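Start counting the sequence shown at 231; every next residue gets the next number (this note's numbering).
Just so it is clear, CB atoms sit at the ideal spot from N, CA and C, and this is done for glycine as well.
Given the structure is predicted, the values throughout are model-derived calculations rather than measurements.
I have placed the structure first, in the form of structure tokens, so that the comments after it can refer back to it.
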Amino acid sequence: MKKLLVFALLLSFAIPTMSSAQTEKFDSLYEKNKTIINSNIYQFNGDWVFEGRNREELVSSNNFMKIDGKAVEGTFHALSSERRVITYNDELSDYKVNFNDSKQEITIKFVLSGQNIIIDLKPNGKAFIKMDGPLGKITQVGKISKL
Numbered sequence: 231m232k233k234l235l236v237f238a239l240l241l242s243f244a245i246p247t248m249s250s251a252q253t254e255k256f257d258s259l260y261e262k263n264k265t266i267i268n269s270n271i272y273q274f275n276g277d278w279v280f281e282g283r284n285r286e287e288l289v290s291s292n293n294f295m296k297i298d299g300k301a302v303e304g305t306f307h308a309l310s311s312e313r314r315v316i317t318y319n320d321e322l323s324d325y326k327v328n329f330n331d332s333k334q335e336i337t338i339k340f341v342l343s344g345q346n347i348i349i350d351l352k353p354n355g356k357a358f359i360k361m362d363g364p365l366g367k368i369t370q371v372g373k374i375s376k377l
């Protein structure tokens with residue numbers, strides 16, 4: 231019984247410490263992502279593609295979107311069963327960024343080659359990109375990095 235009481239006491243001290251460390255990690259990751267997005271020179275690399283209940287792992291080096299100011303270059307793959315690849319080498323328009331400091335989320339919206347594109351950066355660093363327009367719909371999850 232005494233061991234259980236000591237264990238419970240130790241656990242009560244450890245949980246707030248772990249929670250605080252995780253919050254600090256997310257805070258620094260959010261600030262890092264804000265800096266990268268504000269530079270307007272970054273890259274999205276897709277790791278997974280989704281459509282409905284189907285998903286596939288991607289080769290992120292072959293599935294990317296480089297944003298350098300207004301210039302965008304990249305290649306996006308849909309599910310392999312669709313055999314559809316969208317390649318971009320164009321200028322974006324209607325570029326808007328929203329920083330939600332309370333939720334530590336970043337939303338980027340723009341139009342590229344007639345496609346509406348939304349990138350949502352979550353507190354854990356994951357980036358979700360949704361493309362919708364005349365070239366079709368593609369949803370992917372990946373990460374943002376500095377160029």
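**Request:** Give me the Cα-Cα distance between N313 and E287, rounded to the nearest whole angstrom.
**Result:** Here the sequence assigns Arg to residue 313, which means Asn is not the residue at that position. About 15 Å.
**Message:** Rounded to whole angstroms, what is the Cα-Cα separation between G355 and D320?
**Reply:** Going from the Cα of G355 to the Cα of D320 covers about 26 Å.
**Request:** With distances taken Cα to Cα, identify the nearest neighbour of R283 among I374, S375, L377, Q370.
**Result:** A check of alpha carbon separations from R283 across I374, S375, L377, Q370 identifies Q370 as the nearest.
**Message:** Within the continuous beta strand (DSSP E) that includes L351, where are the two ends?
**Reply:** From DSSP, the beta strand (DSSP E) with L351 extends over 345-351.
**Request:** From the DSSP output, in three-state form, read off N268 for me.
**Result:** N268 falls in the helix class under three-state DSSP.
**Item:** Counterpart residues of E312 in DSSP-defined beta bridges
**Value:** For E312, which the question treats as bridged, DSSP gives no partner whatsoever.
**Message:** Taking the beta carbon of A357 as the centre, do at least 16 other beta carbons fall within 10 Å, making it buried, or is it exposed?
**Reply:** Counting the other Cβ atoms within 10 Å of the Cβ of A357 gives 16 or more, which makes it buried.
**Request:** Indicate the three-state DSSP secondary structure (helix, strand or coil) for K367 in the structure shown.
**Result:** Of the three classes helix, strand and coil, the one that applies to K367 here is coil, per DSSP.
**Item:** L351 and D298 closer than 8 Å at C-beta
**Value:** Result no, Cβ atoms of L351 and D298 do not sit closer than 8 Å.
**Contact set for E362: own chain, Cβ-Cβ below 6 Å, skip 5 residues either direction** = Just to set this straight, residue 362 is Asp in the shown sequence, not Glu. The residues are N346.
**Item:** Cβ-based burial, V315 [other Cβ within 10 Å; buried from 16]
**Value:** V315 comes out exposed.
**Request:** Tell me whether V289 is buried or exposed, calling it buried when 16 or more other Cβ atoms sit within 10 Å of its Cβ.
**Result:** Exposed is the call here.
**Asked** Considering only C-alpha positions, which residue in the set T337, A301, T305 is nearest to F329?
**Response** Closest option to F329, judged by alpha-carbon separation, among T337, A301, T305: T337.
**Prompt:** Which two residues bound the contiguous beta strand (DSSP E) that contains R285?
**Reply:** In the DSSP annotation of this structure, the continuous segment of the beta strand (DSSP E) that includes R285 starts and ends at 284-287.
**Request:** Tell me K333's beta-bridge partners as DSSP assigns them.
**Result:** None, per the DSSP bridge assignment.
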